[in-house]
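K.L.:
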Amino acid sequence: MAEVVRHNCGLTVAHSLHDAYRFLHSLQHRGREAAGIAAVGDGRIDVIKWKGGVSRFDVTDLHKIFLSPNYHTYMAHVRYATRGSKDKILEEAHPHVIGGTVEHRDNHILIWDCDMAAVHNGQVDRVFFQGSAPLHLYSSCDTEVLLYLYRERGAHNFLKEVPGAYTLAIADKRERDVIAIRDRTGIKPGVLGWKDGKYVMASEDIAFRKNGGEYVEDLEPGAIYSLTPEGNYHKEVVVSTNLAYCFFEWNYITDLDSIINGVSVRRIRESLGEILSEEFRPPDVDLVTYLPRCPEVAARAYAKQAELPFEPVFYKKRGERSFQGSTAAERKNSIGQKLHLIPGMEQRLKVKTLILI
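Going from the sequence shown to the working numbering is simple: count from 1 and add 660.
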């Protein structure tokens, strides 16, 4: 099985196709390589996966594929990968499944009547996969193996035996509920929300707040949440919490206006700028600037703390994140094409000393 990195994807569980689509669109910053949705009904799971961003497939057409009376819950996912085969984007995309009939249709895949499906954010050490999957897998993604692990050992043993790092949701044709699991470390975010009288789940609370929903709580690390077709939920704590943190999650991947574990991402980035100002303050600095866009909050906080002028120097043509390119060449090319000096800045910066964050 080829090594594939799956650190920073986004996922959601909702009770209408429209909500799943809108929540996923609000999580687009977590991945743009591929998107997918699993439609879950009583005794049936159907899946679609497509290349590119969420809006590359219109929600009106998704409603034609997934006729709403047949389904009660939807799991959705956006994917980011730094490694993996470019010619297998759809195979590597989520949801991953066991069983089902596959139809390849140009830039999307349909998989009908699956036995199980999973969407996943994180990465799990392969030591936990020993003997847990068939020799011939559909993809090289760890999520597919995690699904086989769940089938063999059940949700409780899965959570006990695999310490991290993951937040995932699983639909099983043998069960009516969709389950959401956050590992004991809580490295990967996951939140419970409330929309139109039903409980929903997503990687970040921004997905709810941008779309008329409400934040309820962070998924408790080490717990299984069972989301019922009627929109209720049941929580069962299986293992004790052993919290750990991902700097990249707080400082880069998560939306600036999200809250993780009760802490504002915006405030964390401001604090990082303030701390940096105390630890690193060279003499004779003329101004503070940043590379668009994530470091802006930290750079402004640095400048304020150091009592230095703050001024934007660069602009970007597009808001997409360069690090989400699948190859080093693609990431380098993206930076070169998007990052530019603001007009007139070259002359203004002559003989100036800058702090660039």
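No residue lacks a Cβ here, since even glycine has one placed at the ideal position from N, Cα and C.
#1: Closer than 8 Å by C-beta to Leu932: which residues in its own chain qualify, once you throw out the five before and the five after it? Chain order, please.
#2: Roughly how many whole angstroms lie between the Cα atoms of Val673 and Trp710?
#3: Taking the C-alpha atoms as reference points, what is the distance between Leu999 and Glu896?
#4: Could you give the distance in angstroms between the alpha-carbon of Arg811 and the alpha-carbon of Ile841?
#5: So, is Thr627 buried or exposed, given that buried needs 16 or more other C-beta atoms within 10 angstroms?
#6: If you count every other CB in all the chains shown that lies within 10 Å of the CB of Glu804, and 16 or more means buried, which is it?
#7: Asp775 and Ile758 - do their beta-carbons sit closer together than 8 Å?
#8: Assuming contact is defined by CB atoms lying nearer than 8 Å, are Leu1009 and Phe974 in contact in what I supplied?
#9: What is the C-beta distance between Ala825 and Gln783, in whole angstroms, given that I count them as a contact (C-beta under 8 Å)?
#10: Could you tell me the alpha carbon to alpha carbon distance between Glu835 and Tyr734, rounded to whole angstroms?
#11: Check whether the segment 871-883 touches the segment 674-692, taking contact to mean three or more Cβ pairs, one atom from each stretch, closer than 8 Å.
#12: On the three-state DSSP scale, how would you describe Gly1004?
#13: Distance check for Ile830 and Tyr893, CA to CA, integer angstroms please.
#14: I'd like the ranges of any beta strand (DSSP E) spanning at least 3 consecutive residues and lying wholly in the segment 920-965.
#15: Under the rule that 16 or more other beta-carbon atoms within 10 Å means buried, what is Asp856, buried or exposed?
#16: Alpha carbon to alpha carbon, how far is Glu934 from Glu890?
#17: Tell me, please, which residues DSSP counts as bridged to Ser886.
#18: Tell me the DSSP bridge mates of Phe974?
#19: Helix or strand or just coil, what does DSSP make of Asn911?
#20: Is it buried or exposed for Phe908, if we count other Cβ within 10 angstroms and need 16 for buried?
#21: For the putative contact between Ile847 and Tyr905, defined by C-beta atoms under 8 Å, what is the C-beta separation to the nearest angstrom?
#22: Output needed for Leu795: all residues of its chain with C-beta closer than 6 Å, excluding positions within five of it in sequence on either side, in chain order.
#23: Is Arg743 helix, strand or coil by DSSP?
#24: Run through the DSSP bridge pairs and tell me what Val700 is partnered with.
#25: Grouping DSSP H, G and I as helix and E and B as strand, with all else coil, what is Lys848?
#26: Given a cut-off of 8 Å, decide if Val851 and Val700 are closer than it, judged by their beta-carbon atoms.
#27: Does the beta-carbon distance from Leu819 to Ala778 come in below 8 Å?
#28: Can you look up His675 in the DSSP assignment and give me helix, strand or coil?
#29: DSSP three-state call for Gly824: helix, strand or coil?
#30: What is the residue span of the alpha helix (DSSP H) that Leu750 lies within?
#31: When we look at the beta-carbon of Lys977 and count the other beta-carbons within 10 Å, is it buried (16 or more) or exposed?
#32: Can you give me the Cβ contacts of Arg716 inside the same chain, cut-off strictly under 7 Å, excluding the 5 residues immediately before and after it?
#33: Excluding the 5 residues preceding and the 5 following Gly703 in the sequence, name in chain order all residues of the same chain whose CB lies nearer than 8 Å to its CB.
#34: Let me know the secondary structure DSSP gives Lys724 once reduced to three states.
#35: Can you say whether Val923 is buried or exposed, counting buried as having 16 or more other CB atoms within 10 angstroms of its CB?
#36: Ordered along the chain, which non-local residues of its own chain (more than five positions away) have a Cβ less than 8 Å from that of Ser900?
P.N.:
Inspection of the coordinates gives the following:
#1: Walking along the sequence shown from the start, residue 932 turns up at place 272. Same-chain partners within the cutoff: Asn911, Ala958, Ala961.
#2: Here the question's residue 673 lines up with position 13 in the sequence shown. Here the question's residue 710 lines up with position 50 in the sequence shown. Using only the alpha carbons, I get a separation of about 18 Å.
#3: Translated into positions along the sequence shown, residue 999 becomes position 339. Translated into positions along the sequence shown, residue 896 becomes position 236. Spanning the two alpha carbons is a distance of roughly 47 Å.
#4: Locating residue 811 in the sequence shown gives position 151, where the first residue counts as 1. Locating residue 841 in the sequence shown gives position 181, where the first residue counts as 1. Arg811 and Ile841 have their C-alpha atoms spaced approximately 15 Å apart.
#5: An answer regarding residue 627 cannot be provided, because it is not within the stretch 661 to 1017 covered by the chain.
#6: Your numbering for residue 804 matches position 144 in the sequence shown. Answer is buried; the Cβ neighbour count reaches 16.
#7: To locate residue 758, count along the sequence shown from 1; it is residue 98. To locate residue 775, count along the sequence shown from 1; it is residue 115. Inclusion of Ile758 and Asp775 in the CB contact set at 8 Å is warranted, their separation being smaller than that value.
#8: To locate residue 1009, count along the sequence shown from 1; it is residue 349. To locate residue 974, count along the sequence shown from 1; it is residue 314. No. Outside cutoff.
#9: To locate residue 825, count along the sequence shown from 1; it is residue 165. To locate residue 783, count along the sequence shown from 1; it is residue 123. Confirmed, Cβ separation roughly 6 Å.
#10: Here residue 835 refers to the residue found at position 175 when the sequence shown is read from its first residue. Here residue 734 refers to the residue found at position 74 when the sequence shown is read from its first residue. Their Cα atoms are separated by approximately 14 Å.
#11: Contact holds: three or more Cβ-Cβ distances are below 8 Å.
#12: Taking the sequence shown and counting its residues from 1, one reaches residue 1004 at position 344. Correct three-state label for Gly1004: coil.
#13: Indexing the sequence shown from 1 puts residue 893 at position 233. Indexing the sequence shown from 1 puts residue 830 at position 170. Taking the straight line from one Cα to the other gives about 14 Å.
#14: Qualifying beta strand (DSSP E) stretches, in chain order: 947-949.
#15: Numbered from its first residue, the sequence shown carries residue 856 at position 196. Exposed, by the Cβ-count rule.
#16: Here residue 934 refers to the residue found at position 274 when the sequence shown is read from its first residue. Here residue 890 refers to the residue found at position 230 when the sequence shown is read from its first residue. Annotation: Glu934 to Glu890 spans about 47 Å, alpha carbon to alpha carbon.
#17: Sequence index remark: in the sequence shown, residue 886 carries index 226 (1-based). According to DSSP, Ser886 bridges with Ile839, His894.
#18: Here residue 974 refers to the residue found at position 314 of the sequence shown. In DSSP, Phe974 forms a bridge with Leu1001.
#19: Your numbering for residue 911 matches position 251 in the sequence shown. Asn911 falls in the helix class under three-state DSSP.
#20: As a working mapping, residue 908 is identified with position 248 in the sequence shown. Exposed: under 16 other Cβ atoms inside 10 Å.
#21: What you label residue 847 is simply residue 187 of the sequence shown in a count that begins at 1. What you label residue 905 is simply residue 245 of the sequence shown in a count that begins at 1. Cβ atoms of Ile847 and Tyr905 come within 8 Å of each other, at about 7 Å.
#22: Position 135 of the sequence shown, counted from the first residue, corresponds to residue 795. Low per-residue confidence applies at Leu795: pLDDT is 45, beneath 50, and the placement is therefore not dependable, though the value from the model is reported in the following sentence. The beta carbon of Leu795 sits closer than 6 Å to none of the beta carbons in its chain outside the five residues before and after it.
#23: Counted from its first residue, the sequence shown places residue 743 at position 83. The predicted position of Arg743 is uncertain, since its pLDDT is 48 and thus under 50; a value taken from the coordinates is nonetheless stated next. In this structure, DSSP gives Arg743 a state outside helix and strand, which the three-state scheme calls coil.
#24: As a working note, residue 700 is residue 40 in the sequence shown. DSSP lists Ile705, Thr733 as the beta-bridge partner residues of Val700.
#25: Translated into positions along the sequence shown, residue 848 becomes position 188. In the structure shown, Lys848 sits in coil (DSSP, three-state: anything other than H, G, I, E or B).
#26: Position 40 of the sequence shown, counted from the start, is the residue given in the question as residue 700. Position 191 of the sequence shown, counted from the start, is the residue given in the question as residue 851. At least 8 Å separates the beta-carbon of Val700 from that of Val851.
#27: As a working note, residue 819 is residue 159 in the sequence shown. As a working note, residue 778 is residue 118 in the sequence shown. Result no, Cβ atoms of Leu819 and Ala778 do not sit closer than 8 Å.
#28: The residue you call residue 675 lines up with position 15 of the sequence shown. DSSP, read as helix, strand or coil, puts His675 in coil.
#29: What you label residue 824 is simply residue 164 of the sequence shown in a count that begins at 1. It is coil, neither helix nor strand.
#30: The count along the sequence shown starts at 1 and reaches residue 750 at position 90. Per DSSP, Leu750 belongs to the alpha helix (DSSP H) from 749-752.
#31: The residue given as residue 977 occupies position 317 in the sequence shown. Around the beta-carbon of Lys977, fewer than 16 other beta-carbon atoms lie within 10 Å, marking it exposed.
#32: Numbered from 1 along the sequence shown, position 56 holds the residue referred to as residue 716. Around Arg716: Trp710.
#33: The residue labelled residue 703 in the question sits at position 43 within the sequence shown. Setting aside the 5 residues that flank it on each side, Gly703 is surrounded in the same chain by Lys833, each with a C-beta closer than 8 Å to its C-beta; the list follows chain order.
#34: The residue given as residue 724 occupies position 64 in the sequence shown. The answer is helix: DSSP assigns Lys724 an H, G or I state.
#35: The count along the sequence shown starts at 1 and reaches residue 923 at position 263. Exposed, because fewer than 16 other Cβ atoms sit within 10 Å of the Cβ of Val923.
#36: Here residue 900 corresponds to residue number 240 of the sequence shown, with the count starting at 1. By the criterion of a C-beta distance shorter than 8 Å, Ser900 is surrounded in its chain by Arg844, Gly882, once the five residues flanking it on both sides are discounted.
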